[in-house]
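Colleague: Under my numbering, think of the first position of the sequence shown as 176, with each following residue one higher.
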Amino acid sequence: MKVLTRDQASPPIPVSSAWIAPSRRPERRVSWPMLLALGGVLIAALALRLALAMRGQWMIDYDEAVTGLAAKHILEGERPIFMFSVPYMGPVESYLTAVVFAAAGISRATLKVIPFALSLAFIGLTFCLAREILNARAALIAALLAALPPVYATVHEMKAWGSTIETLVFGTLLLLMAVHLIYREADARQQTRLYLIGGVVIGLAFWVHFLVAYYLITIGLVLFWRDRRFFLRRPIWMAVPTFFLGSLPFWIYNIQHPLTSFRYLLGGSSKPVFAPHIGYLDVAQHLVARDLPHVLGVPWNWAGSMGVEWFARGMAGLAAVAFLVVAAWRVRQIARRKGSDGWVGQPIDLPLIFVPVVLVVYVFSGFGKPAVNAYGIDASGRYLIPLLAILPILLAAALDALGRRRLLLACGALLVILGLNLYSNYAAQPLKMFQSPYFNRLPASSKDLIQYLRDNGLRHVWTDIGIALPLMFDSGEDILATDYFAPWVASNNYFPAVRRAVTDADTSAYVVIGLPGQPTRLESKLRELGVGYTVKELSPYVVLVPRSRKVLPTEVSGQLGFQY
176 MKVLTRDQAS PPIPVSSAWI APSRRPERRV SWPMLLALGG VLIAALALRL ALAMRGQWMI
236 DYDEAVTGLA AKHILEGERP IFMFSVPYMG PVESYLTAVV FAAAGISRAT LKVIPFALSL
296 AFIGLTFCLA REILNARAAL IAALLAALPP VYATVHEMKA WGSTIETLVF GTLLLLMAVH
356 LIYREADARQ QTRLYLIGGV VIGLAFWVHF LVAYYLITIG LVLFWRDRRF FLRRPIWMAV
416 PTFFLGSLPF WIYNIQHPLT SFRYLLGGSS KPVFAPHIGY LDVAQHLVAR DLPHVLGVPW
476 NWAGSMGVEW FARGMAGLAA VAFLVVAAWR VRQIARRKGS DGWVGQPIDL PLIFVPVVLV
536 VYVFSGFGKP AVNAYGIDAS GRYLIPLLAI LPILLAAALD ALGRRRLLLA CGALLVILGL
596 NLYSNYAAQP LKMFQSPYFN RLPASSKDLI QYLRDNGLRH VWTDIGIALP LMFDSGEDIL
656 ATDYFAPWVA SNNYFPAVRR AVTDADTSAY VVIGLPGQPT RLESKLRELG VGYTVKELSP
716 YVVLVPRSRK VLPTEVSGQL GFQY
């Protein structure tokens with residue numbers, strides 16, 4: 176049974192009377208000029224990302240280092256089901272990166288190959304989705320806006336975090352299939368194929384990260400609105416076995432380790448870091464005042480200026496206006512049709528519904544609670560990236576509508592938006608935007624540190640997790656480093672064997688961040704304990720090596736300089 180059977184399709188609205196051109200089935204083939212233009216957009220996207228990566232000297236944070244180390248271990252014969260230390264987040268990106276490492280070697284640059292490739296795939300899918308929802312011209316505009324987004328989106332799409340860009344790719348693909356399923360006259364064979372493929376995609380996306388819920392809730396709401404009993408229809412049940420096929424590794428793990436993933440995410444084995452008294456209103460206020468301006472503009476700490484805060488709020492306001500304009504048009508259109516032959520949905524409803532779904536889920540699911548903290552940590556911004564991924568389509572809808580009335584004005588508005596986006600990418604300081612939200616003191620390179628440790632036979636290191644994992648990746652695990660704060664804060668023990676090796680080593684170095692020429696508190700504590708040591712400054716690092724006896728972090732925990 177077709178999903179479309181609840182509401183019979185009504186005669187199309189004439190283009191001349193529609194503020195936004197209604198979606199029509201696009202031509203099967205894309206014209207060569209359009210393909211060439213899309214190719215130019217992809218080249219521009221790649222150029223922007225390469226420019227940012229080179230400005231940042233290919234810096235990686237410790238979450239990216241985990242992805243790279245997992246890929247290295249896969250090459251060495253390991254077959255992880257989840258990313259190290261957490262019983263969720265399927266390491267699909269690490270498996271793909273392992274192929275790149277095998278072909279081109281292990282480096283920071285090759286670690287970025289898969290995120291870069293998936294970013295281009297996401298832009299291509301945005302073009303396809305906008306073409307189905309709107310038209311070819313609007314699709315090219317949407318692709319251009321996705322290719323040259325605000326800096327927050329650019330940077331997070333480039334990060335090898337193992338889930339962010341994958342969620343955008345899977346989610347956009349699901350929306351594209353939903354358009355064909357819900358709004359196109361698909362025959363029974365096409366519906367079956369869409370449900371079967373959709374089940375696999377949902378399963379893979381679910382294994383990678385639960386953020387796919389944004390997309391599933393949106394699609395589910397539209398299906399429910401059109402057919403209150405859609406979940407009882409036979410075709411949708413065809414997606415169930417393929418869903419389990421796509422997420423098979425997830426279920427194998429949770430059978431072997433009974434429901435570990437669910438217990439972990441529900442708080443059974445996680446450590447509370449942020450105040451439990453934070454309420455939904457606090458999260459909502461923080462979302463409007465801080466999260467959205469940072470995500471849609473430039474985080475002030477990336478630009479090093481509080482003045483950028485106003486620019487960020489302006490960018491957020493522009494996005495809000497675009498959404499409200501398109502939403503107002505859609506509400507007006509629905510109101511005009513009320514009382515005739517009932518409400519008939521259009522594909523533009525999917526991105527319009529997606530925006531409030533993201534915001535509501537962010538506030539009430541717990542995704543947004545860690546963002547409200549006393550330290551200014553951007554702990555939840557990554558969960559708003561799907562919002563940035565859908566805004567190009569809404570902006571394209573508004574610009575396309577304006578272009579059919581005032582072409583020059585629409586072109587000018589597009590240039591202004593692109594200019595603001597590019598300015599945000601220019602204004603952000605490269606050595607700040609590629610830092611981890613949880614540790615922002617890394618230098619561009621640790622080559623001098625690695626060379627010193629190797630030259631002095633120091634293979635075991637106690638340090639902050641933000642230093643430890645990039646150090647292990649850059650050294651090819653010649654140096655084993657582990658977090659000295661793990662017993663006291665919610666730090667994941669990514670490599671238990673490494674911790675044991677560092678703990679058992681006769682000599683382990685301490686690597687801390689210090690100011691040139693100024694003794695660290697750790698030095699004072701070692702003197703107080705009567706421990707002989709050597710010290711070497713490799714700005715911003717300070718390497719201290721207890722020589723007279725072994726010193727474990729439990730003896731010096733108060734002098735290690737925890738950033739927060």
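We put the CB at the ideal spot given by N, CA and C, even for glycine.
Sort out for me which residues DSSP pairs V686 with in a bridge.
Modeller: V686 pairs with T638, V718.
Colleague: Are three or more beta carbon pairs between the region 409 to 427 and the region 367 to 381 nearer than 8 Å?
Modeller: Judged by Cβ distances under 8 Å, the region 409 to 427 makes contact with the region 367 to 381, as three or more pairs qualify.
Colleague: Nearest-angstrom Cα distance between H452 and D623?
Modeller: Their Cα atoms are separated by approximately 44 Å.
Colleague: Mapping DSSP to helix, strand and coil, what is K544?
Modeller: K544: helix per DSSP, three-state reduction.
Colleague: Measuring straight from C-alpha to C-alpha, what distance separates V731 and K334?
Modeller: C-alpha separation (whole angstroms): 34 Å.
Colleague: Is the separation between the beta-carbon of I298 and that of A279 shorter than 8 Å?
Modeller: Contact: no.
Colleague: Measuring CA to CA, which of I509, V470, Q508, W504 is closest to G492?
Modeller: Considering only alpha carbons, the answer is V470.
Colleague: Give the range of the alpha helix (DSSP H) segment to which L315 is assigned.
Modeller: Counting along the chain, the alpha helix (DSSP H) containing L315 begins and ends at 311 to 322.
Colleague: List the DSSP bridge partners of T285.
Modeller: Bridge partners of T285: none, in fact.
Colleague: Taking 8 Å as the limit between beta carbons, can you name the residues of its chain near H248, skipping five residues before and five after?
Modeller: Cβ neighbours of H248 beyond the five flanking positions: P255.
Colleague: Alpha carbon to alpha carbon, how far is V274 from H635? Give it in angstroms, no decimals.
Modeller: If you take the alpha carbons of H635 and V274, they lie about 29 Å apart.
Colleague: Measure the CB-CB distance between V288 and S338 and report whether it falls below 8 Å.
Modeller: No, Cβ-Cβ distance for V288 and S338 is not below 8 Å.
Colleague: Would you list the one or two residues that DSSP bridges to A502?
Modeller: Partner(s): none; A502 has no beta bridge.
Colleague: Is it buried or exposed, K175, if we count other Cβ atoms within 10 angstroms and call 16 or more buried?
Modeller: Outside the displayed span of the chain (176 to 739) sits residue 175, for which this structure offers no information.
Colleague: What residue range does the beta strand (DSSP E) around A656 cover?
Modeller: From DSSP, the beta strand (DSSP E) with A656 extends over 655 to 658.
Colleague: Based on the DSSP output, what are the partners of S611 in its beta bridges?
Modeller: F614, per the DSSP bridge assignment.
Colleague: Which whole-angstrom value describes the C-beta separation of T342 and L371, a residue pair presumed to lie in contact below a C-beta threshold of 8 Å?
Modeller: Incorrect: roughly 21 Å between the Cβ atoms, too far for contact.
Colleague: Taking I523 and R505 to be in contact with their CB atoms under 8 Å, please state how far apart those CB atoms are, rounded to whole angstroms.
Modeller: That belief holds up - the Cβ atoms of I523 and R505 are roughly 6 Å apart, short of 8 Å.
Colleague: Just list the residues that DSSP pairs Y755 with in beta bridges.
Modeller: Residue 755 falls outside the range modelled here, since the chain spans only 176 to 739, and no answer is possible.
Colleague: Span of the alpha helix (DSSP H) holding G337?
Modeller: Note, G337: premise wrong, no alpha helix (DSSP H); not H, not E.
Colleague: Quick one: grab the DSSP three-state call for L713.
Modeller: L713: strand per DSSP, three-state reduction.
Colleague: Any idea what DSSP makes of I552, helix, strand or coil?
Modeller: I552 falls in the coil class under three-state DSSP.
Colleague: Starting from F419, follow the alpha helix (DSSP H) in both directions and report where the run begins and ends.
Modeller: Taken as a continuous stretch (DSSP letters only), the alpha helix (DSSP H) holding F419 covers 414 to 421.
Colleague: If you drop the 5 nearest sequence neighbours on each side, which residues of the same chain put their C-beta closer than 7 Å to that of P447?
Modeller: Confidence is the limiting factor: at P447 the pLDDT is only 44, short of 50, which leaves the residue's position unreliable, though a coordinate-based value still follows. Answer for P447: no residue qualifies.
Colleague: Which word fits A546, buried or exposed, when buried means at least 16 other C-beta atoms lie within 10 angstroms of its C-beta?
Modeller: When all chains shown are included, A546 counts as buried.
Colleague: Does the beta-carbon of H770 have 16 or more other beta-carbons within 10 angstroms, so that it is buried, or is it exposed?
Modeller: Residue 770 lies beyond the stretch modelled for the chain, which goes from 176 to 739, so this question has no answer here.
Colleague: Alpha carbon to alpha carbon, how far is G543 from Y558? Give it in angstroms, no decimals.
Modeller: The alpha-carbon atoms of Y558 and G543 are separated by roughly 8 Å.
Colleague: With distances taken Cα to Cα, identify the nearest neighbour of M608 among A220, G556, L563.
Modeller: Checked all of A220, G556, L563; the closest Cα to M608 is G556.
Colleague: With V677 and V717 assumed to form a contact (beta carbons below 8 Å), what rounded beta-carbon distance in angstroms separates them?
Modeller: The pair is not a contact, with the Cβ atoms about 18 Å apart (cut-off 8 Å).
Colleague: Given this structure, state the Cα-to-Cα distance separating P589 from A361, to the nearest angstrom.
Modeller: Before going on, a small fix: residue 589 reads as Leu here, not Pro. Each residue's alpha carbon lies about 35 Å from the other.
Colleague: By DSSP, does R507 sit in helix, in strand, or in coil?
Modeller: Of the three classes helix, strand and coil, the one that applies to R507 here is helix, per DSSP.
Colleague: Give a yes or no on contact between the region 696 to 713 and the region 648 to 662, applying the rule of three or more CB pairs nearer than 8 Å.
Modeller: Flag = no, the region 696 to 713 and the region 648 to 662 do not touch.
Colleague: What does a CB cutoff of less than 7 Å around D658 pick up in its chain, not counting 5 residues either side in sequence?
Modeller: Contacts found: D639, I640, A643, S666.
Colleague: Would you call E251 buried or exposed, if buried means 16 or more other Cβ atoms sit within 10 Å of its Cβ?
Modeller: E251 should be labelled exposed.
Colleague: Check this for me: beta carbons of E239 and W336, under 8 Å apart or not?
Modeller: Yes, the pair counts as a contact, with Cβ atoms nearer than the cut-off.
Colleague: Excluding the 5 residues preceding and the 5 following L713 in the sequence, name in chain order all residues of the same chain whose CB lies nearer than 8 Å to its CB.
Modeller: Cβ within range, chain order: D623, L624, Y627.
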